[in-house]
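Here is the structure we will look at.
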Amino acid sequence: MVRLTILKFFVLVCLVRNNYGQEVVVGSGSCGSSQTQNMPVKYDNGAWNGGKNNSWSLMLFKGAELKQSGNISTIGFYPNCKNRNLDYPVVSRQRIYFKETLDDKITDVSKPDLTTYTLVFEGDINWKRKTTFNTVRNDIVLDKSFNYNKIKNLLVYFENESGVNVEMWGSIPFLSTYHGTDRGVYAIYKLSEKAKSTGNIEKSLPITYFKFSVSQPAIQLPNNQTVCAGDIFEFSGVSAMNYHTLFWSSSGSGTFEDNSILNPKYSASSADIKSGNIILKLTAEGGSGTVTKSVILTFKKKPIASIKRR
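Count along the sequence shown starting at 1, add 12, and that's the number in the numbering used here.
Right, here's the structure in full:
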């Protein structure tokens, strides 16, 4: 099944918000500017390289470039413009994996351990080349959205096991941007040598488009709560989704043990107890907005034990 479409979009390092999601493009260029035939993918039938007819690449995109958190639903790349429209043959056995990382550059040229990655796309791709710069982007709709946190960087692994070439000479040229640091690695390999394949470091990355689907943060809180005066209150049953940061606050003057987790402990102050109840608020911030919900915490007096004498 072909999951690739062409959409019009002017390439800039930018963030665009619309009714369907948020769009980010990392890199910039124009028809005929810097190109790479190695990333995101290289197509070769192996006739002139000893039978190496498959490829993989690993690309690192920084959180400062992606600029937001959320569910990534689409990724896109930019084949260089051509003097006529061109549809390449459909290529099969294409796979894309995502992973968050704290690393800010590529340091290992060996094939990544994919058990630590998330498979987001597997299928056929029909690459296309167009005649103008604002129509060349090829979008791949992911089989599975990936929840990304902009605090970290993003690794994108592209695997091609089609075993074919699509150009008579060379592979598809993708527009790219120089980043100055080791941001990618690519390799070609025989299937029998896949596990031991090693690649070459690259300081450029293909211009890459990311679409984040619109998903507002959501919070689920328990009903209003009661605690004995003087006891530490601990939340349970709190849940949230589509967020990257959490923040608890109190209408009183007590303290949270950790106000950035779902189920924190709260130590009431004497003023809290004297007031009889307080409001505890949880705020969740995500790529598509902020949501706040609250719960009332009521303090009750501890029962006093009494001894009756006969």
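All residues carry an ideal CB built from backbone N, CA and C; glycine is no exception.
Along the segment 280-317, the alpha helix (DSSP H) occurs as fully enclosed runs of 4 or more residues at 282-287, listed in sequence order. Under the rule that a run must span 3 or more residues, the beta strand (DSSP E) segments found entirely inside the segment 59-104 read 66-73, 82-89. With respect to Glu297, Thr257 sits close: the two C-beta atoms are nearer than 8 Å.
Counting of Cβ neighbours within 10 angstroms places Pro101 among the exposed residues, the total staying below 16. Closest in alpha carbon position to Met253, among Glu134, Ala230, Asp151, is Ala230.
Cα atoms of Gly41 and Phe145: separation of roughly 9 Å, rounded to the nearest angstrom. For the pair Thr113 and Gly75, the Cα-to-Cα distance works out to about 10 Å. Within a 10 Å sphere around the beta-carbon of Asn236 sit fewer than 16 other beta-carbons, which makes this residue exposed.
Between Lys164 and Ser81, the alpha-carbon positions lie close to 10 Å from each other.
The three-state reading of DSSP puts Glu205 in helix, counting H, G and I together. For Ile152, the enclosing beta strand (DSSP E) has its first and last residue at 150-160.
Residue environment analysis places Gly249 among the exposed positions, since fewer than 16 neighbouring C-beta atoms fall within 10 angstroms of its C-beta. Annotation: Gly39 to Glu77 spans about 9 Å, alpha carbon to alpha carbon. Per DSSP, reduced to three states, the secondary structure at Leu114 is coil, with no helix or strand assignment. Distances from the alpha-carbon of Thr210 to those of Ile87, Lys286, Thr295, Pro124 put Pro124 closest. Ile84 is positioned such that its CB atom lies closer than 8 Å to that of Phe222.
Going by C-alpha positions, Thr143 is about 48 Å away from Thr304. Of the residues assessed, Asp56 falls on the buried side of the cut-off, its CB having 16 or more other CB atoms within 10 angstroms. Rounded to the nearest whole angstrom, the C-alpha separation of Val36 and Lys79 is 8 Å. DSSP, reduced to helix, strand and coil, places Phe259 within a strand of the structure shown.
Around the beta-carbon of Thr127, fewer than 16 other beta-carbon atoms lie within 10 Å, marking it exposed. For Asn50, same chain residues with a beta-carbon under 6 Å away, outside a window of 5 residues either side, are Tyr198 in chain order. Using a Cβ distance threshold of 8 Å, Ile137 and Val103 count as a contacting pair.
The beta-bridge partner set that DSSP reports for Ile219 is empty. When C-alpha distances from Ala59 are compared across Gly264, Ser272, Lys202, the shortest belongs to Lys202.
Beyond the five residues adjoining it in sequence on each side, Thr267 comes within less than 6 Å, by CB distance, of Ser279 in the same chain, given in chain order.
Per DSSP, reduced to three states, the secondary structure at Leu126 is helical. Contact annotation: Gln34 and Phe158 have beta-carbon atoms that are not nearer than 8 Å.
Residue environment for Pro234: exposed (fewer than 16 other C-beta atoms within 10 angstroms of its C-beta). In this structure, DSSP gives Phe145 a helical state, which the three-state scheme calls helix. A Cβ-Cβ separation of about 13 Å leaves Gly196 out of contact with Ser67 under the 8 Å criterion. For Gln232, the enclosing beta strand (DSSP E) covers residues 230-232.
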